[in-house]
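Engineer: Position 404, counted from 1, in the sequence shown is what my numbering calls 409; the numbers after and before it change by one each time, with no gaps.
Glycine residues also receive a C-beta, built at the ideal position from the N, C-alpha and C atoms.
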Amino acid sequence: MSRTPRILLLEPGGPEAGALADAAATRGYETHAAVMPEQHAAYGPALCRRWSGILQTDFSHAEQALGDVIEYASRIGANAVLTTNEYLTPLLAQASAALGLPGNDPTRANAARNKIAMSQAFARHGISAPHTLVVEDEEQLRSRCTTGQVSFPCVIKPSEAAGSVGVTVVCEAAAATGAWRAARTLSGMYGMPLDPRVLVQEHIEGAEYSVESLTQDGTTAHLCVTRKNVTAGAHRVEVGHSLPATLPPAVMQAVHQQVERAIDAVGIRNGASHTEVILGSDGRCSVIEIGARVGAGQIGFLIHHALGVDPWSALLDVALGRPVELTATRRRHAAVRFLTSPTAGRLRSVAGLPEAGAGIPDVRLRVAFGDVVGPAQANRGRLGYFLVTGADRESVDDRAEQLLAGITITIDPEDAEGESPHHQRSRHLAGRKAR
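#1: Which residue comes first and which comes last in the beta strand (DSSP E) that contains residue 81?
#2: Please classify residue 350 as buried or exposed, where buried requires at least 16 neighbouring CB atoms within 10 angstroms.
#3: Flag this pair as yes or no: are the beta carbons of residue 391 and residue 367 separated by less than 9 Å?
#4: List, from N- to C-terminal side, the beta strand (DSSP E) runs of 3 residues or more that fit wholly inside the region 239 to 303.
#5: How far does the alpha helix (DSSP H) with residue 3 in it reach, from first residue to last?
#6: So which of 80, 79, 101 has the shortest CA-CA distance to residue 88?
#7: Between residue 273 and residue 358, is the Cβ-Cβ spacing less than 9 Å?
#8: Kindly indicate which residue of 326, 169, 115, 319 has the alpha-carbon position closest to the one of residue 270.
#9: Can you list, in chain order, the residues of its chain whose CB lies under 8 Å from that of residue 182, leaving out five sequence neighbours each side?
#10: From residue 44 to residue 393, what does the alpha carbon distance come to, in whole angstroms?
#11: Applying the criterion that 16 or more other CB atoms from any shown protein chain within 10 Å of the CB defines a buried residue, is residue 179 buried or exposed?
#12: Apart from the five residues just before and just after residue 195, which ones in its own chain have a Cβ nearer than 8 Å to its Cβ?
#13: Thinking residue 404 and residue 245 are a contact (beta carbons under 8 Å), I'd like their distance in whole angstroms, please.
#14: In the DSSP assignment, the beta strand (DSSP E) including residue 163 goes from what residue to what residue?
#15: Nearest to residue 336 by CA position, among 159, 313, 176, is which residue?
#16: Is the number of C-beta pairs between the region 321 to 333 and the region 25 to 35 that are closer than 8 Å three or more?
#17: For residue 171, I'd like the list of residues in its chain whose CB is within less than 6 Å of its CB, leaving aside the five on either flank, ordered along the chain.
#18: Secondary structure at residue 352, three-state DSSP: helix, strand or coil?
#19: In the DSSP assignment, find the alpha helix (DSSP H) that holds residue 417 and state where it starts and stops.
#20: For a test of the three-state rule: what should DSSP assign to residue 309, helix, strand or coil?
#21: Out of 284, 176, 267, which has the shortest C-alpha to C-alpha gap to residue 278?
#22: Could you tell me the distance, in whole angstroms, from the CA atom of residue 203 to the CA atom of residue 122?
#23: Taking 9 Å as the cut-off, decide whether the C-beta atoms of residue 387 and residue 396 are in contact.
#24: Just how far apart, CA to CA, sit residue 106 and residue 327?
#25: Within 10 angstroms of the Cβ of residue 427, are there 16 or more other Cβ atoms? Answer buried if so, exposed if not.
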């Protein structure tokens with residue numbers, strides 16, 4: 006009799022990791038978790054009781070964490086090691102290879118995290134991507150702006166952040182230094198040391214999409230294309246996702262071709278990938294970034310609601326080397342809209358938030374009333390979200406925009422001493438067209 010599969014989950018926090026743990030529990034698998042020592046208590050007893058064992062390791066010390074993960078996984082006889090956390094995907098690839106488990110190429114895994122290594126890999130594989138310069142200091146940036154090596158608008162971004170943190174669209178040379186400093190001064194999750202270099206990339210105008218894919222033994226299946234609603238201005242924050250997006254057959258074929266090259270370029274052999282692309286008005290597909298993970302921002306849940314495909318169970322099957330079932334069992338559409346603050350201050354109220362029910366499977370605030378919030382300059386600045394499902398794209402998007410327009414967020418701005426003055430600022434949330 007075969008024993009129950011044992012799964013080691015690197016970092017169990019977040020909705021995607023929770024869904025993965027739920028899928029493992031539903032199948033009766035034994036689940037273990039690897040956590041940062043100081044975060045162990047933060048998960049609470051209810052969540053900790055779900056795990057059959059806990060490894061405490063410091064992810065900021067890569068070599069030590071790798072040794073700890075290999076030793077623990079070997080001791081429990083882990084059949085699979087998984088993560089939904091982008092910062093831990095290189096560690097996952099290295100551990101899986103050392104343990105002889107299905108995983109990605111450890112020698113190329115850093116290219117799915119480090120944007121410099123990623124741009125170099127894209128160039129080697131002939132992938133259509135933005136022209137990229139690497140800048141190591143302010144003087145080098147000023148010199149390249151002066152000599153015309155940098156054209157405007159451009160995108161200045163950090164090498165190793167995530168979720169659009171530190172990313173700025175710069176329209177003139179005078180703003181470049183400030184954007185460079187914003188990208189340069191970031192700290193990594195768990196206190197991980199980050200590559201201090203900064204990228205200056207060609208700015209490409211067009212409609213933004215992502216492609217959600219799953220690869221097993223080097224063969225890739227594309228689950229769907231996601232259409233994105235993105236803010237304008239210096240900081241481009243994703244405030245909505247809708248799927249599955251429909252593109253003309255020739256365009257879809259070209260997108261898939263570029264995405265498959267990107268998947269191969271960064272060594273994704275066994276696991277999920279989330280590839281961000283821009284389609285220009287001329288139909289050209291440019292690959293912006295790729296991550297060796299399920300798309301965040303509720304994308305995995307939208308896939309489940311719209312197509313009936315369970316991406317979490319599929320991830321488990323890939324990690325266990327089992328056949329994967331990706332056949333859509335329904336043909337519906339799903340969308341998420343995110344709430345953002347109109348200004349900096351303390352959150353006083355949110356009025357008009359819809360209730361979960363028919364066609365609205367999930368509604369959630371991620372902050373508490375009284376919390377200090379600010380205008381979203383990255384995806385992590387979003388205050389909450391709601392999901393909408395339905396039979397067709399137009400009705401789902403229309404309902405999502407109507408619900409969003411009915412929400413009013415009221416903020417008490419803080420004065421210089423941190424006190425909230427008596428005046429308030431409110432905003433009805435208006436929908437934003439996909440760009």
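Structural biologist: Once the coordinates are examined:
#1: Along the sequence shown, read from residue 1 onward, the residue named residue 81 stands at position 76. Element bounds for residue 81: not the beta strand (DSSP E) but the alpha helix (DSSP H), 67 to 81.
#2: Start at 1 with the first residue of the sequence shown, and residue 350 comes out as number 345. Burial call: buried.
#3: In the sequence shown, counting from the first residue as 1, residue 391 sits at position 386. In the sequence shown, counting from the first residue as 1, residue 367 sits at position 362. A contact, by the Cβ cut-off of 9 Å.
#4: Counting only runs of 3 or more, we get 243 to 248, 276 to 284, 290 to 296.
#5: Not covered by the structure: residue 3. The range shown for the chain is 6 to 440.
#6: Here residue 88 is taken as the residue at index 83 of the sequence shown, counted from 1. Considering only 80, 79, 101, the residue with the shortest C-alpha distance to residue 88 is 101.
#7: If you number the sequence shown from 1, residue 273 lands on position 268. If you number the sequence shown from 1, residue 358 lands on position 353. No, these two residues do not count as a Cβ contact at 9 Å.
#8: Taking the sequence shown and counting its residues from 1, one reaches residue 270 at position 265. Answer by Cα proximity: 115.
#9: As a first step, residue 182 must be located in the sequence shown, where it is residue number 177. If we look at residue 182 and ignore the five residues flanking it on each side, its Cβ neighbours are 143, 146, 147.
#10: Reading the sequence shown from its first residue, position 39 is the one you call residue 44. Reading the sequence shown from its first residue, position 388 is the one you call residue 393. So the alpha carbons of these two residues sit roughly 33 Å apart.
#11: In the sequence shown, counting from the first residue as 1, residue 179 sits at position 174. Exposed: under 16 other Cβ atoms inside 10 Å.
#12: For this step, residue 195 is matched to residue 190 along the sequence shown. The answer, listed in chain order, is 41, 63, 64, 65, 92.
#13: Residue mapping note: residue 404 aligns to position 399 of the sequence shown, counting from 1. Residue mapping note: residue 245 aligns to position 240 of the sequence shown, counting from 1. Actually they are not in contact, since the Cβ atoms of residue 404 and residue 245 sit about 12 Å apart, beyond 8 Å.
#14: On the sequence shown, residue 163 is found 158 positions in, with the first residue counted as 1. For residue 163, the uninterrupted beta strand (DSSP E) run begins and ends at 159 to 163, by DSSP.
#15: Position 331 of the sequence shown, counting from 1, holds the residue named residue 336. Closest option to residue 336, Cα to Cα, is 313.
#16: Yes: at least three Cβ pairs fall under 8 Å.
#17: Along the sequence shown, read from residue 1 onward, the residue named residue 171 stands at position 166. Here the set comprises 163, 187, 188, 191.
#18: Position 347 of the sequence shown holds residue 352. Assignment of residue 352 by DSSP, reduced to helix, strand and coil, places it in the strand class.
#19: Translated into positions along the sequence shown, residue 417 becomes position 412. Where residue 417 is concerned, there is no enclosing alpha helix (DSSP H), although the beta strand (DSSP E) it sits in stretches over 413 to 417.
#20: For this step, residue 309 is matched to residue 304 along the sequence shown. The answer is helix: DSSP assigns residue 309 an H, G or I state.
#21: What you label residue 278 is simply residue 273 of the sequence shown in a count that begins at 1. For residue 278, the nearest C-alpha among the options comes from 267.
#22: Residue mapping note: residue 203 aligns to position 198 of the sequence shown, counting from 1. Residue mapping note: residue 122 aligns to position 117 of the sequence shown, counting from 1. So the two alpha carbons sit approximately 12 Å from each other.
#23: Mapped onto the sequence shown, residue 387 falls at position 382. Mapped onto the sequence shown, residue 396 falls at position 391. In this structure, residue 387 keeps its C-beta atom at 9 Å or more from the C-beta atom of residue 396.
#24: For the purposes of this step, residue 106 is taken as residue 101 along the sequence shown, with counting starting at 1. For the purposes of this step, residue 327 is taken as residue 322 along the sequence shown, with counting starting at 1. Those two C-alpha atoms are separated by around 12 Å.
#25: For the purposes of this step, residue 427 is identified with residue 422 of the sequence shown, where counting begins at 1. Because residue 427 carries a pLDDT of 43, less than 50, the predicted location of this residue cannot be relied on, and the following value inherits that uncertainty. Exposed.
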